[in-house]
Amino acid sequence: MKRILVTGAAGFLGSHCLNELENKNFEIYALDKVKRQNPDTKVNWIETDLREPKQVEQMLYNIKPDYLLHLAWKMETGMQLNSAVNNAWVEISIGLIQKFAEAGGKRVVVSGSCAEYKWGDYLYDEETTPLEPQTVYGRSKHKLHQMVSSLCTKNNISYAWGRIFFMYGPNENEKRLVSYVIRSILKGEKVLTTHGNQIYDYLYVEDVARALVSLIETDFNGAVNICSGQPLKVKDLIYKIANQMNGSHLIQLGKIDPSKHHSHNIVGNNSLLKMITSWLPEIDIDSGITKTIQSIQDKIN
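Following this note's numbering, the numbering of the sequence shown begins with 458 at its first residue and continues without gaps.
Structure follows, in C-alpha cells:
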C-alpha cells in the first residue's frame with residue numbers, strides 16, 4: 458500500500474484532507490508537534506516538530522513515505538500576511554521536502570495561495586496572471602514554490618502546487634469572516650464588517666481537500682488554482698449567512714476599513730484543475746454555509 462505523510466494534519470484544512478484520504482488506498486501518517494492518540498486505525502499520528510531537522514530526518518527515514526501532502530504553515534490570524542514567521546516556514550518547508558526526496562519520496566503536493574498573484578481586476582489564471590505578491594506571506598509562498606520546483610526537478614520527483622483561494626467551513630479560525638459572522642449572530646451581537654463590495658472566490662473546505670487529494674493521484678507537475686471560479690461579493694456572503702440565521706438586523710456594513718493587503722477582486726480560473734483531475738466542486742455556497750452554521754452550533758451546544 459502507498460504511504461502518504463500529511464503535515465498540518467490537525468489543522469483546519471488538514472483534518473478534512475485526512476477524512477478524504479481515509480477513503481483512498483493509502484497508508485496514512487499524520488504529523489503533529491504534540492502526541493496524539495490513534496482513535497482511527499486508518500491514521501497513524503506521529504509526534505514530530507517540523508522546526509527540528511533531526512526529528513524530521515529520523516521520522517522520514519522511519520516511515521519512508523511515497524507521497525507528501527505539505528499543509529503546515531504558521532498562521533497568526535490578523536497579522537499573518539506580513540509576519541516574519543512566514544520567512545521561517547520557507548526554510549522549514551524546503552528542508553522537509555529535501556529530506557523527503559532523500560528518503561525515497563516520489564511526489565509532493567504543497568498548499569500555495571492566491572496571494573502569490575499580482576492583485577488586479579481580472580480572472581486569476583496560472584498561465585497569464587503575473588506572480589507579483591504584495592505581502593510577506595505571498596512572497597514567502599511564491600519563493601517556496603520556486604524552490605520546490607527546482608528541488609523536485611533536481612531530485613527527479615514530481616510535484617503539484619495548489620494555489621488555494623478563499624476557503625471556509627467547519628473548524629475554521631473563529632476570527633475568519635464566515636465563522637465570525639455565524640458566532641456573532643448566535644450570540645445576538647452586532648456584526649461589524651467592511652463595506653462588503655469586495656468580490657472574492659469562496660470554496661468549501663471539503664472541496665479544497667478533495668482537490669488536493671486528487672492532485673496527489675495525478676502526475677501533473679506545476680501550479681494549479683484551487684477555487685470555485687465563482688465571483689461573490691463579500692456583503693452577499695454575509696447576508697446569505699444572516700438570512701439563514703434570521704440575523705440580518707445585526708449586520709452593520711462599513712464599520713471596518715478594508716484590508717490594504719487585498720485587491721477588491723480576487724476570483725480564480727479553475728479550468729486547469731478540472732482538466733487534469735476528475736475534480737468538480739460539490740458543495741455550493743448556500744449548502745456550505747448551512748453545514749458551517751450547523752457545525753458551529755453543535756460545538757457551542
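Yeah, the Cβ is synthetic: ideal placement off N, Cα and C, and Gly gets one too.
Computed from a predicted model, the values in this text were never measured in an experiment.
- For glutamine 709, DSSP records a beta bridge to Leu649.
- Proline 688 is bridged by DSSP to Asp658.
- Residue pairing by DSSP places phenylalanine 623 opposite Tyr659 in a beta bridge.
- Contact between the segment 651-663 and the segment 507-525 is absent: fewer than 3 CB-CB pairs across the two stretches fall below 8 Å.
- If you check the CB distance, leucine 526 and valine 500 do not come in under 8 Å.
- For the 8 Å CB-CB criterion, isoleucine 723 and tyrosine 657 form a contact.
- Taking 8 Å as the cut-off, the Cβ atoms of isoleucine 642 and glycine 704 count as close.
- For glutamate 559, the uninterrupted alpha helix (DSSP H) segment begins and ends at 542-559.
- Per DSSP, the beta bridge partners of tyrosine 524 are Ile461 and Arg564.
- Per the C-alpha coordinates, the member of Tyr579, Glu583 and Thr505 positioned closest to serine 570 is Glu583.
- Between the alpha carbons of arginine 667 and serine 615 lies a distance of about 19 Å.
- In this chain, the beta strand (DSSP E) harbouring isoleucine 485 covers 483-489.
- For the pair of segments examined, the segment 583-595 was found not to touch the segment 648-655: the number of CB pairs separated by less than 8 Å stays below three.
- Comparing C-alpha distances from glycine 562 to each of Asn519, Ala572, Val547 and Asp489 shows the shortest one belongs to Asn519.
- Here the alpha carbon of asparagine 480 sits roughly 43 Å from the alpha carbon of glutamine 709.
- Between tryptophan 502 and isoleucine 673, the alpha-carbon positions lie close to 20 Å from each other.
- DSSP places isoleucine 614 outside both helix and strand once states are collapsed to three, so it counts as coil.
- Under the three-state reduction of DSSP output, glutamate 584 falls in the coil class, being neither helix nor strand.
- Apart from the 5 residues on each side of it in sequence, alanine 558 sits with its Cβ closer than 6 Å to the Cβ of Asn612 and Ile614 in its chain, given in chain order.
- For leucine 737, the number of other beta carbons within 10 angstroms of its own is below 16, and it is reported as exposed.
- When only Cα atoms are considered, glycine 653 and lysine 690 end up about 7 Å apart.
- Rounded to the nearest angstrom, the gap between the Cα atoms of glutamine 603 and valine 547 is 11 Å.
- With contacts defined as CB atoms closer than 8 Å, alanine 680 and arginine 620 qualify as a contacting pair.
- Only residues of its own chain outside the window of five on either side were considered, and among them His652 have a CB closer than 6 Å to the CB of glycine 711, listed in chain order.
- Just so you know, the alpha carbons of isoleucine 461 and threonine 734 end up roughly 19 Å apart.
- It is roughly 19 Å from the alpha-carbon of threonine 675 to the alpha-carbon of serine 607.
- Between leucine 553 and valine 593, the C-beta gap is not smaller than 8 Å, which leaves the two residues out of contact.
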